[in-house]
Amino acid sequence: MRLRSKLFLTISLLIVFILAFVALSLLTMERQFLTRETDKRQEAALENTVGIVREAHITWDPILMVNYLKLIAQAHPEIGWLCIVDTEGKIQAGLDMSLLGIERTQISPPEKVRLLSRTVSSNGVTLGSVEVGFDKDRMESYLQASLSKVRERITIIGLCALVLGFIGSFLLAQSLSGPIRVLSMVAGEIGKGELDTPVPTVNRRDELGDLSRSFQEMAGHLKELDRMKQDFVAGTTHELRSPLGIIESHANAVLSDLGEVKGIPENYRTDWTSSMTHIKNSSLRLNRFISDLLNMAKIERKRLDLNFQEVSFSKIIDEVLLSFAPKARERKIVLFKQVSQNLPLVSADPERIHQVLVNLTGNALKFTPAGGKITVGARVQQQGWIYITVTDTGPGISAEFRSRIFSKFEQAKGLSGREGERGTGLGLAICKGIVEGHGGKVGVESRAGQGSEFYFTIPIQRFLRGENK
Ligand SMILES: Nc1ncnc2c1ncn2[C@@H]1O[C@H](COP(=O)(O)OP(=O)(O)O)[C@@H](O)[C@H]1O
Ligand SMILES: [Mg+2]
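For reference, each letter of the sequence shown is one residue, going 13 to 481 in the numbering used here.
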């Protein structure tokens, strides 16, 4: 789950819990409050009745008394039973006139009534007692009615708070995870070697701001280190070249002298010739490696100067295949050319394209076993692109390795080509640099054991600088 969703869910859940807790507490408190209020009201009703009885006793008038009681019952609709009992235990007055004069003990008030009674006395003389019964059902329904109003209000307020809380938690999650996501994306790019990726500034005074600032510093240091490394490589390889050239030319001179000078014993002549040939071949290999390193350094510093011309890919493929023909024959590998007719001229650097094709074809030849077949093809792809393929019947390349193959110094383990042909692992990286310099793309399709197909595309019309980025 993404950090943003996690934060959002956690905060939202917290809000829901808190709101539910607050709402429940409010409802419970409101219920307790209402119950207390009802008790007070009932107590007051009883007191009223007692007062009336006390006063009515002076001017004893049962009809007046009944009228009073009715008034009280009207004021308190929850009263379900009301009677006044005299000192002899007989009902003196009540809401139900038919009960007058009857012994109180002989009848029972309706069920579900909360009965409150009080003795009425005046100046120390007991006058009788008052009984008020409150209907429990009615009380409960009053309570529920009031509570449901409260519940409604709590629900409305709670929903508003919930919506605001959701919006707030979404914004908070977004503002926390946004910079982290951007930084992690940039870290990924830098990790892939794209050191020029700009690190966005996070304008905050918290840890995220600190993180972005440290990150910027780190990226700056890395870039500086990389530049130093590239300068070093470019400088030293350049310096290595001239002594190598001298070694090579002197080896050549000694080799040709060895053939002509007389009087050298034959066994010495063979030994020296073999040593000199080793020296010459080694310096040639070193020279190739240095060229690769220099090319790579140029590509990395974006200083690969391309000399754009109208180029016939068919002609370049012919040249490359011709140069590999002897080696292929020796290996018993067939070379094929598969170029569609009316292939247009392409604006490109012929020498660099030649270099790419030599690299790809050289690899194919290096890794394909005897009896195999290598096809170099070119055709027009829709929308003004030319599509070049180099297909072999070699061992193929595993999916896991395919993604790294165009990086510098990547070579498959256990697949180092033939003796004496150990490469540097720079060939494909240089191909990629050259093709991308033209605005095109490189790639490889392969199934292990069934050969590989390397391809690259080049726009037929030269793109303006920057347009294809
Ligand atoms: N046609 C191919 N078939 C199988 N593996 C290949 C092929 N071309 C390249 N590779 C793999 O990719 C690696 C990198 O190639 P490259 O960059 O040209 O370096 P090098 O040829 O110097 O080893 C090779 O070492 C090899 O493991
Ligand atoms: Mg190679």
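Even for Gly, the Cβ is constructed at its ideal location relative to N, Cα and C.
Exercise. Sorted by chain position, which residues of the same chain lie with C-beta nearer than 8 Å to I30's C-beta, five sequence neighbours on each side aside?
Worked result: none
Exercise. Quick one: does the C-beta of G406 sit closer than 7 Å to a heavy atom of ligand 2?
Worked result: no
Exercise. Based on Cα-Cα distance, which residue from A231, T50, I169 and D108 lies nearest to P122?
Worked result: D108
For this session: For the beta strand (DSSP E) holding G92, just list the boundary residues, first then last.
Result: I91 to V97
Exercise. How many Å lie between D149 and S187 at the Cα?
Worked result: 55 Å
Problem set entry | Cα-Cα separation, K344 to S326 | 24 Å
Exercise. Whose C-beta lies closer than 6 Å to the C-beta of K385 among residues of the same chain, with five residues either side of it excluded?
Worked result: V346 and T405
Exercise. Hey, V358 and I472 are a contact pair by Cβ (cut 8 Å); roughly how many whole angstroms apart?
Worked result: 5 Å
Exercise. Got a sec? Which residues, its chain only, sit under 8 Å from L355 by beta carbon, not counting five neighbours each side?
Worked result: S324, F325, S326, A390, R391, V392 and I398
For this session: Pick out the complete beta strand (DSSP E) segments inside the stretch 22 to 109, 3 residues or longer, and give them in chain order.
Result: 91 to 97 and 103 to 106
For this session: Identify whether E514 lies in helix, strand or coil by the three-state DSSP scheme.
Result: Given a span of 13 to 481 for the chain in the structure shown, any question on residue 514 remains unanswerable.
For this session: List the residues that DSSP assigns as beta-bridge partners of R130.
Result: V142
Problem set entry | N375 beta carbon near ligand 2 (any heavy atom closer than 7 Å) | yes
For this session: Can you tell me the Cβ-Cβ gap for I470 and V456, rounded? I've got them flagged as a contact below 8 Å.
Result: I470 to V456, Cβ: 17 Å. No contact.
Exercise. DSSP on R391, reduced to helix/strand/coil?
Worked result: strand
For this session: Just mark S464 as buried or exposed, buried being the case when its beta carbon has 16 or more other beta carbons within 10 Å.
Result: buried
Exercise. Which partner residues of V454 appear in the DSSP bridge assignment?
Worked result: F468
Exercise. Between A441 and ligand 1, is the CB less than 7 Å from at least one heavy atom?
Worked result: yes
Problem set entry | Cβ contact check for the stretch 210 to 227 and the stretch 51 to 69: 3 or more pairs under 8 Å | no
Exercise. Does the Cβ of L36 have 16 or more other Cβ atoms within 10 Å, making it buried, or fewer, making it exposed?
Worked result: exposed
For this session: Compare the C-alpha of Q156 against each of E42, I114 and E219 and name the closest.
Result: E42
Exercise. With L440 and F421 assumed to form a contact (beta carbons below 8 Å), what rounded beta-carbon distance in angstroms separates them?
Worked result: Not confirmed; about 10 Å, so no contact.
For this session: Please go through the same chain and pick out, in chain order, the residues whose beta-carbon is closer than 6 Å to the beta-carbon of T401, but skip the five residues on each side of it.
Result: G389, E465 and Y467
Exercise. Are H143 and W93 touching if we call contact CB-CB under 8 Å?
Worked result: At residue 143 the sequence reads Glu, which differs from the His that was named. Yes; because the gap between Cβ atoms is below 8 Å, this pair is in contact.
For this session: Please report how far the alpha carbon of S474 lies from the alpha carbon of L176, in whole angstroms.
Result: Before going on, a small fix: residue 474 reads as Arg here, not Ser. Near 56 Å, if we compare the C-alpha coordinates of L176 and R474.
For this session: Decide if the stretch 165 to 172 is in contact with the stretch 188 to 200; the criterion is three or more beta carbon pairs, one per stretch, under 8 Å apart.
Result: no
Exercise. What are the complete alpha helix (DSSP H) segments, minimum 4 residues, inside the stretch 250 to 328?
Worked result: 278 to 312
For this session: Just grab the DSSP bridge partners of T401 for me.
Result: G389 and Y467
Exercise. Looking at C-beta atoms only, is the number of pairs between the stretch 133 to 142 and the stretch 89 to 105 that lie closer than 8 Å three or more?
Worked result: yes
Exercise. When the distance is taken between beta carbons, is I23 closer than 8 Å to L184?
Worked result: yes
Problem set entry | For L440, the first and last residue of its enclosing alpha helix (DSSP H) | G439 to G449
Exercise. Does at least one heavy atom of ligand 1 sit under 7 Å from the Cβ of F468?
Worked result: no
Problem set entry | Near ligand 1: A199 beta-carbon under 7 Å from a heavy atom | no
For this session: Indicate the three-state DSSP secondary structure (helix, strand or coil) for S428 in the structure shown.
Result: Low confidence applies here, because S428 scores a pLDDT of 48, under 50, leaving its location unreliable and the question unanswered by this model.
Exercise. Does the Cβ-Cβ distance between K102 and I114 come in under 8 Å?
Worked result: yes
Exercise. Counting Cβ pairs closer than 8 Å, one from the stretch 256 to 272 and one from the stretch 282 to 299, do we hit at least three?
Worked result: yes
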